[in-house]
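One structure is given here, and the rest of the page talks about it.
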Amino acid sequence: MTDFLFDVIATELEDAVGKENCSTRTIDKVSHSVDYFWLSRMWADRGLRMPEGDFIVAPKDAKETSAVLKIANYYKIPVTTWGAGGGTQGGAIPVCGGIVLDTKRMNKIYDLNEQGMYIECGTGAIYKHIEWAANEKGYATMHYPSSLTCSTVGGFLAHRGIGVSSTKYGKIDDMVLQMEVVLPNGDIIETSPAPKHAAGPDLNQIFIGSEGTLGVMTKAQMRIYEQPESRQFRGFLFHNMTDAFNAGRELLQKFKPSVMRLYDEAETASLIKKIVGVEKKGAFMNIAIEGVAEMVELEKKILLETFAKYGAEDLGSEYGEKWWKEKITFFYPGHMMDIPQCFGTMDTIAPYGTIEKIYWAMKEAIETNFPQAKFIAHFSHWYEWGCMIYDRFIVDGKDVPQDPHEAFRLHQAIWSCGVRTALANGGVVNDHHGVGIKLGRLMKEQYGPAMQVFEGIKKQLDPNGIMNPFKLGL
Amino acid sequence: MQFTQKSKEHIDACRFCWMCHHVCPIGNATGLERNTARARALGLSMVARDSVEYSEDIIGNVYECSLCGGCMTDCVTGWDPVMFTKEARLGAALDGKLPEYVTTMISNLQEKGNIYGAEKNANIPEIAEGDILFFLGEDVRAKGCAKNAVELLKKAGVSFSILKDEPNSGYSMDFLLGAAAETKAVMENCAKVLSNYKKVVCYDPADAKVMKREYKEWGIDLKAEVVTFTEFVAGLIKDGKLNVKNSGIEFTPQDSPLLARDLEETEPVREILSACGSIREMLLNRNYTMLAGNLIMNEYMPQVMETVAANRWTNAKNVDAKVLVTTSPAEYILLAATKPEDMELMTIEEAVLKCL
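For the protein sequence lines, the chains are Z and H, in the order given. Quick note on my numbering: the first sequence kicks off at 1437 and runs consecutively. Quick note on my numbering: the second sequence kicks off at -14 and runs consecutively.
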């Protein structure tokens, strides 16, 4: 791009969002070039600059977003939407330069609707802020991922995020009622006023999980709930994973706890021992039940009876309460994996019939092919029909090549090996972190000819291919 | 720009961590990614790796932090963005790269005794009545009013002095330059004057903060005992020197981060307000408070400060608060400028005077 054309576009973008909200400053470009993706972090750590946007723009609403997308389409400039940058899959990295559209100025809380039990807000709102708004009126969002404080509403929607209380309250895609979306051509649309209907396919679910490739979500109505009268925890230790899966599956035919987390023996002996203090060998499982006090008492009785059948040792409430208190502590620097280690979380999901097989197959594949990698896992989101694996590989810093290109290759090779093993055994490419640029290449392997459905929608909505190129395998 | 090993360690811990994103009053006001502790750390980590120059816009970003310590308080591991931000400011000074607005404020301080370049406030009385010094601070002298505070102390029968030529405490120099030799010189000069008194009652939490923390940390010899105004007034009520009656008013305290976080003082203001009426807390209170404004930053980011103050009014409104009470003159001035019509703003001394 010539300097002259650069200035033409810059002034048009300034006109769209205000001069102070359109930046070409180094600090803004750098800030929007590194997200939580290991590769971007490693790259920056080695003193290299990641691909950067040429213009960082922050529209305040759908109208300004629309103006930006019209400019981008006219000049055929890539647009990468950025929430808060907490994604692990590189979905927000402007790999082709162009415009980075930061949504955080769209952070207004428009309405806390006690009749409809939702908060209507801009998608740039940090989720913790809408949780605070709910708490101030005695409600809660019940969406509690580890990234609650550092991710936007739109960020969670863009990659189908999930929180620790998902078994009772659902994923983010279960928590949204209506949305406002700006299409790549600049048209502003609204999805249907109710999320359940027979008026054709669900528009919400087309954009949720689309990772900025089909448009920009600018406003959303997110569900709120009454605070539970009672919330009780119970820790258990299982002899083996098979017993734990069977116990969990049987429990879910009877009622839904809010939190269900099973840790494999390796993670029980490492993270759980360190943060929660469980010293015994086995597979630790933490359960939370909550709601009306009388019902919680009844559910506790059913829980204890069900798990006793599978030989689970009842560890009481202490470990579970500690876990709840420390649930975010795991993710602070000093507790969490960090550079110089090489690491990743390959979350996958499958029905009960295959989930344990996938776990063992992935563990074997990683540990056999990459003996320098440790493999630990927990199972943290459970349904009546199956559950997900949150499996991690960790390579010690001493075993990670200092050369960034070699480190890059090692990282990609481990990921390809792990995710392909999951796919081969009946798993899905990802459960709740999304695809981004990290897993785009594996989307075609997951979907085969079904990928043309996504490609067709993309081609129709974004004929110039400007929206978040090379993400989601599109 | 050379960082100490300690700063480097904190910068590298924070550069890839977003956990405190939600508590930054500046980031919440601007919605800009660069106004997060992690973005600032990332920029500085790249400066430390020579992949980015310590340029005007990286330095500008270093001055967009209020040093309120919200991020530090929120961090369960104890990483400290305030520490490395102050060091980066000192580095900019040592490299001769200070932004113009900073050099202007420092020149003002040297010439007029305050960063605002304000002339001496003729309305502030000089009182010489004892060995308690009532230290007003530069914000009140240049921009505020201490009339009610003086009246309150008189009603309590306290004998106190107010200086005509009050030295600068060094808070603003510490904010702008960090631990520079010039900052220390300003503080030493202040300590010398204050040491003529037995007790110093600091009206402004900013001055109390440096006198009680930085003076000690840097070995500056201050002989006088330093107490905050809130602590002092709470003592006067407890000792029966101020006979307050419960007015039935429901007050909502705006905890100054300087008091609540830097000095870990949260209860005196509540003791005072409980004696005067009742308390309705905001969701973010005590050491989890949110800054309501900084007058130094108001010199170069006035629109952002306006939003910071307005956001705090929103917090108050969300819990149906009616009367917001501040202990910081800077926060009072900025909150007053954005006050919603249906809400009331008081200083702590106004709240007490109303109940005598």
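Every residue gets a Cβ at the ideal spot worked out from N, C-alpha and C, and that includes glycine.
Chain Z residues whose Cβ lies nearer than 8 Å to that of residue i
i: residue -6 of chain H; result: Here the premise fails: no neighbours, minimum Cβ distance about 10 Å.
i: residue 46 of chain H; result: 1463
i: residue 80 of chain H; result: Chain Z residues near residue 80 of chain H: none, gap ~16 Å exceeds 8 Å.
i: residue 40 of chain H; result: 1462
i: residue 43 of chain H; result: 1462, 1463
i: residue 73 of chain H; result: Under the 8 Å cutoff, chain Z gives no residues; its nearest Cβ is about 12 Å from residue 73 of chain H.
Span separating the alpha-carbon of residue i from that of residue j
i: residue 270 of chain H; j: residue 1841 of chain Z; result: 48 Å
i: residue 1769 of chain Z; j: residue 61 of chain H; result: 9 Å
i: residue 233 of chain H; j: residue 313 of chain H; result: 24 Å
i: residue 55 of chain H; j: residue 274 of chain H; result: 8 Å
i: residue 1782 of chain Z; j: residue 1516 of chain Z; result: 24 Å
i: residue 159 of chain H; j: residue 330 of chain H; result: 29 Å
i: residue 1480 of chain Z; j: residue 98 of chain H; result: 44 Å
i: residue 81 of chain H; j: residue -14 of chain H; result: 11 Å
i: residue 1701 of chain Z; j: residue 1571 of chain Z; result: 37 Å
i: residue 1510 of chain Z; j: residue 1594 of chain Z; result: 25 Å
i: residue 1625 of chain Z; j: residue 297 of chain H; result: 33 Å
i: residue 1663 of chain Z; j: residue 247 of chain H; result: 33 Å
i: residue 1803 of chain Z; j: residue 1859 of chain Z; result: 17 Å
i: residue 14 of chain H; j: residue 302 of chain H; result: 17 Å
i: residue 170 of chain H; j: residue 52 of chain H; result: 22 Å
i: residue 1907 of chain Z; j: residue 123 of chain H; result: 54 Å
Residues that residue i contacts on chain H, provided the C-beta gap is smaller than 7 Å
i: residue 1572 of chain Z; result: 268, 303, 304
i: residue 1477 of chain Z; result: 1
i: residue 1470 of chain Z; result: 27
Interface partners of residue i on chain Z, CB under 9 Å
i: residue 28 of chain H; result: 1462, 1463, 1466, 1467
i: residue 295 of chain H; result: The contacting residues do not exist; residue 295 of chain H stays about 12 Å from chain Z at best.
Where residue i falls: helix, strand or coil (DSSP)
i: residue 1743 of chain Z; result: helix
i: residue 1817 of chain Z; result: coil
i: residue 288 of chain H; result: helix
i: residue 1730 of chain Z; result: helix
i: residue 323 of chain H; result: coil
i: residue 1786 of chain Z; result: strand
i: residue 1689 of chain Z; result: coil
i: residue 50 of chain H; result: coil
i: residue 125 of chain H; result: helix
i: residue 1853 of chain Z; result: helix
i: residue 239 of chain H; result: strand
i: residue 40 of chain H; result: coil
Under 7 Å from the C-beta of residue i: neighbouring residues of chain Z
i: residue 260 of chain H; result: The contacting residues do not exist; residue 260 of chain H stays about 27 Å from chain Z at best.
i: residue 57 of chain H; result: The premise fails here: residue 57 of chain H is roughly 12 Å from chain Z at the closest Cβ pair, so nothing lies under 7 Å.
i: residue 37 of chain H; result: 1462, 1466
i: residue 19 of chain H; result: 1463, 1464, 1467
i: residue 31 of chain H; result: 1466, 1480
Candidates the options, of which the one nearest residue i by Cα
i: residue 1485 of chain Z; options: Z/1496, Z/1468, Z/1709; result: Z/1468
i: residue 143 of chain H; options: H/306, H/227, H/323; result: H/227
i: residue 1621 of chain Z; options: Z/1660, Z/1898, Z/1573; result: Z/1898
i: residue 1833 of chain Z; options: Z/1810, Z/1569, Z/1818, Z/1820; result: Z/1810
i: residue 1669 of chain Z; options: Z/1476, Z/1750, Z/1566; result: Z/1750
i: residue 1651 of chain Z; options: Z/1618, Z/1508, Z/1680; result: Z/1618
i: residue 1910 of chain Z; options: Z/1444, Z/1463, Z/1647, Z/1462; result: Z/1647
i: residue 307 of chain H; options: H/187, H/278, H/267, H/73; result: H/267
i: residue 1713 of chain Z; options: Z/1675, Z/1454, Z/1755; result: Z/1755
i: residue 209 of chain H; options: H/150, H/116, H/218, H/257; result: H/116
Proximal chain H residues relative to residue i, where beta-carbon distance stays under 9 Å
i: residue 1771 of chain Z; result: 61, 62
i: residue 1543 of chain Z; result: 13, 16
i: residue 1523 of chain Z; result: Those do not exist, as residue 1523 of chain Z stays about 10 Å from chain H at its closest Cβ, beyond 9 Å.
i: residue 1585 of chain Z; result: 3, 4, 5, 6, 7, 8, 59
One or two residues paired with residue i in a DSSP bridge
i: residue 1549 of chain Z; result: Z/1554
i: residue 1587 of chain Z; result: Beta-bridge pairing links residue 1587 of chain Z to no other residue.
i: residue 112 of chain H; result: H/147
i: residue 119 of chain H; result: H/186
i: residue 1838 of chain Z; result: BP columns for residue 1838 of chain Z are empty, so no partner.
i: residue 1659 of chain Z; result: Z/1554
Amino acids of chain B, ordered along the chain, whose beta-carbon sits closer than 8 Å to that of residue i
i: residue 1484 of chain Z; result: The structure shown contains no chain B; its protein chains are Z and H.
Chain-ordered chain H contacts of residue i [CB-CB under 8 Å]
i: residue 1765 of chain Z; result: 61
i: residue 1830 of chain Z; result: By Cβ distance, chain H contributes nothing, its closest Cβ being about 16 Å from residue 1830 of chain Z, past 8 Å.
i: residue 1635 of chain Z; result: Chain H residues near residue 1635 of chain Z: none, gap ~35 Å exceeds 8 Å.
heavy atom of the ligand HEM below 8 Å from residue i C-beta
i: residue -11 of chain H; result: Ligands displayed in this structure: none; no statement on the ligand HEM is therefore possible.
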